[in-house]
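Just so we're aligned, residue 4 is where the sequence shown starts under this note's numbering, counting upward by one. To keep things clear, I will list the structure first and then write my remarks on it.
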Amino acid sequence: SMGLPAPLMGLFNLLQFGNIGEKDQTIAQIVQGMYYEGYDFIHFCTLSIPVMIVEAVIRISYAIKRIKEGHSVKESIPISLNREKNPKLSTMLFIGHAAATAANAGKIYFTQNPMAINYPQWIAFGKYSYTQLKWILIDKPSQRASYTDGVLNENLEETLSMTDLTFDKLSTDYIVVIE
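Structure (structure tokens):
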């Protein structure tokens, strides 16, 4: 029996293009066939288990690493999705989901079975890919520029203060006239 469709599955009906497989089916036709073969919300939920395992393993590993570094247990538990708070965790999650998605893509390619797609895994990969690309292309360069400007300003202030001290030391015994 057919249950509720998987989340966003209706959007695939708009993809009326492609010549996939032996029957040259469109993407929409393949998705409809997957639904008729049992790819529904319950199947979607069962496919979410590997995604949850990737999340749990990476987050637990990150917490253990932070505790070993001397942080408190409360500070170490990675609940937040805020990239600014835990940038290394976000990168680790991206790499973990990228590896799981690559394995799923290989499985689909070698079995030639579109039912082998792990839709929740691809959604998680898309989410973490977006945040990682945003970090790499927008946030990281601006933060790097701000950091570099700060270091340069500190060095400039230090150099100017050393110059002032040197000038004051040299000019204590002399009258300096600037014309």
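Here a beta-carbon is modelled for each residue, glycine too, at the ideal position from N, C-alpha and C.
Name the one or two DSSP bridge partners that residue i has.
| i | result |
| --- | --- |
| isoleucine 23 | Gln28 |
Do the CB positions of residue i and residue j come within less than 8 angstroms of each other?
| i | j | result |
| --- | --- | --- |
| isoleucine 80 | alanine 66 | yes |
| proline 10 | phenylalanine 47 | yes |
| asparagine 121 | asparagine 107 | yes |
| glutamine 135 | alanine 103 | no |
| tyrosine 39 | leucine 96 | no |
| isoleucine 30 | phenylalanine 20 | yes |
| isoleucine 63 | glycine 99 | no |
Beta carbon of residue i: closer than 7 angstroms to some heavy atom of the ligand NAP?
| i | result |
| --- | --- |
| phenylalanine 97 | Ligands in the displayed structure: none, and consequently the ligand NAP is not present. |
Mapping DSSP to helix, strand and coil, what is residue i?
| i | result |
| --- | --- |
| aspartate 167 | helix |
| methionine 5 | coil |
| aspartate 152 | helix |
| glutamine 115 | coil |
| threonine 162 | helix |
| arginine 147 | helix |
| serine 79 | helix |
Whole angstroms is fine: what's the gap from residue i's alpha carbon to residue j's?
| i | j | result |
| --- | --- | --- |
| serine 51 | lysine 143 | 31 angstroms |
| proline 8 | asparagine 16 | 12 angstroms |
| phenylalanine 128 | alanine 101 | 6 angstroms |
| lysine 172 | asparagine 158 | 21 angstroms |
| lysine 88 | isoleucine 178 | 56 angstroms |
| valine 57 | threonine 94 | 13 angstroms |
| glutamine 183 | lysine 137 | With the chain represented from 4 up to 182, any question about residue 183 goes unanswered, as that position is not in the structure. |
| isoleucine 126 | aspartate 167 | 59 angstroms |
| threonine 169 | aspartate 152 | 25 angstroms |
| isoleucine 23 | alanine 105 | 20 angstroms |
Rounded to whole angstroms, how far is the Cβ of residue i from the Cβ of residue j, which I believe are closer than 8 angstroms?
| i | j | result |
| --- | --- | --- |
| glutamate 78 | arginine 69 | 7 angstroms |
| glycine 6 | aspartate 43 | 4 angstroms |
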